[in-house]
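Some notes on the structure that comes next.
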Ligand SMILES: [Zn+2]
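Residue numbers (our numbering): 14 to 455.
Here you go:
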């Protein structure tokens, strides 16, 4: 009797356990994707036709070439399933845009919303009115208003036509550079040092000019975006809160992976844990300050920029000066946030970032989250790592150790991964893939 109960109990428990396993967003959206592609192609062709009638000569042909290439590139992304159609995100984002449009008639009506399988908190707008929203926005931001703030900023770019302006200025700059280089050739002695110096100056100028130009456009989009945001019914200060949140973003989580997590996850029945897996390269050379300095300088290059943008907004719009805590998120937002979080692993898998996927899954497992789900993703990612290792192209999917550019925890992880032998990887993959079978029963 007791035994029967235990078995029954186990059975019920496992059914419940299975039912709780999250089912990633369905990508069986062939029809929607085809329809989108058809419309996108038609619209882009129309756009190019219009450009050709507005400009003449070389400018006309160069512009249409650029937009054709951009279009083909984007179609490739759609075909590669970089975007999900008919997801829970669509309707809510559409309604956010409606809320923004209500008191802002200048917000375009022909926007086509696409949700990208991308964990970085970002959004962008194409020339034809396609509006891309990354799932990562939902992981990183606190509430709907902050998502609306990011959308407003992008609308600012769109309304002011920043993308076409940028492309136009690049084409013009190219033409000018060619002209100036020709001039230098004609006026200076080919052997002179001077000639090289001048050519270098032109290049430097162009990079600087593009940087200045870009910064200017960002600030314009901030101001225009904030006005749109302010005119609608969101809490004004969430605009600043959103920028502050984005400022703190980093691709690789700074959370530390503990040694005990490695031992817990990789001490398997058929293969016990080996201390030598954790062997690190010489860390005496590791200089945390150097890493921090580099973080501040390069990988977060846009961040000091963000500080300046926030300061500037506060100066122009004094009502933004006071800092206000983020609003509590709505239930609808929390649902999307949860989906966004559960899609982090499918997204990394989609972009073939298997190493990053394993690192992230281990962090979730360290926190005791959705065990079966993340273990099954460990299995999937390790199976890919195994294939890559067998085919000698592991460095395509797993970062190399760079003692100056990575956190100590991430370096420890990379050391561990590179220390594993082909057979050891195979065993880990097999063990965790067995969990996937259970998940599939549902
Ligand atoms: Zn921008």
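Note that CB positions come from ideal geometry on N, CA and C, so glycine has one too.
Which of helix, strand or coil does DSSP assign to residue i?
i: residue 396; result: helix
i: residue 136; result: strand
i: residue 159; result: helix
i: residue 348; result: helix
i: residue 49; result: helix
i: residue 330; result: coil
i: residue 127; result: strand
i: residue 438; result: helix
i: residue 428; result: helix
i: residue 257; result: helix
i: residue 311; result: Residue confidence is low: residue 311 scores 40 on pLDDT, short of 50, so the model does not pin down where it sits. Its coordinate-derived value is still stated next. Note: residue 311 maps to helix in three-state DSSP.
i: residue 445; result: helix
i: residue 411; result: coil
i: residue 183; result: helix
i: residue 144; result: strand
i: residue 97; result: strand
i: residue 419; result: coil
i: residue 10; result: Summary: the structure shown does not reach residue 10, with the chain confined to residues 14 through 455, and so no result is reported for it.
i: residue 168; result: helix
i: residue 270; result: coil
i: residue 154; result: coil
i: residue 433; result: coil
With a threshold of 7 angstroms on Cβ separation, who are the neighbours of residue i within its own chain once the five nearest residues in sequence on each side are excluded?
i: residue 107; result: 126
i: residue 402; result: 435, 438
i: residue 109; result: 157, 160, 161, 164
i: residue 166; result: 234, 235, 238
Would you call the CB atoms of residue i and residue j closer than 8 angstroms?
i: residue 195; j: residue 268; result: no
i: residue 370; j: residue 390; result: yes
i: residue 426; j: residue 372; result: yes
i: residue 98; j: residue 49; result: yes
i: residue 138; j: residue 171; result: yes
i: residue 136; j: residue 146; result: yes
i: residue 437; j: residue 284; result: yes
i: residue 448; j: residue 385; result: yes
i: residue 320; j: residue 291; result: no
i: residue 475; j: residue 86; result: For the chain, the structure presents residues 14 to 455; residue 475 sits outside this window and is missing.
i: residue 246; j: residue 413; result: no
i: residue 278; j: residue 378; result: yes
i: residue 53; j: residue 88; result: yes
i: residue 266; j: residue 226; result: no
Excluding five sequence neighbours on each side, which residues of the same chain lie with their C-beta closer than 6 angstroms to the C-beta of residue i?
i: residue 77; result: 61, 64, 65
i: residue 250; result: 337
i: residue 411; result: 368, 430
i: residue 444; result: 281
i: residue 57; result: 84, 141
i: residue 41; result: none
i: residue 114; result: 120
i: residue 441; result: 395
Going by other Cβ atoms of all chains shown within 10 Å of its Cβ, with 16 needed for buried, is residue i buried or exposed?
i: residue 263; result: exposed
i: residue 254; result: buried
i: residue 332; result: exposed
i: residue 120; result: buried
i: residue 282; result: exposed
i: residue 335; result: exposed
i: residue 343; result: exposed
i: residue 161; result: buried
i: residue 55; result: exposed
i: residue 475; result: One cannot answer for residue 475 here, as it falls past the ends of the chain, which runs 14 to 455.
i: residue 399; result: buried
i: residue 360; result: buried
i: residue 51; result: exposed
i: residue 392; result: buried
i: residue 80; result: buried
When every heavy atom of ligand 2 is checked, does at least one fall within less than 7 angstroms of the C-beta of residue i?
i: residue 360; result: This structure lacks ligand 2; its bound ligands are ligand 1.
Excluding the five sequence neighbours on either side, which residues of its own chain have a C-beta within less than 8 angstroms of the C-beta of residue i, listed in chain order?
i: residue 133; result: 147, 149, 262, 264
i: residue 152; result: 132, 134, 350, 353, 354, 357
i: residue 232; result: 322, 325
Give me the pocket residues for ligand 1, defined as CB within less than 6 angstroms of any heavy atom, sorted by chain position. 166, 170, 231, 234
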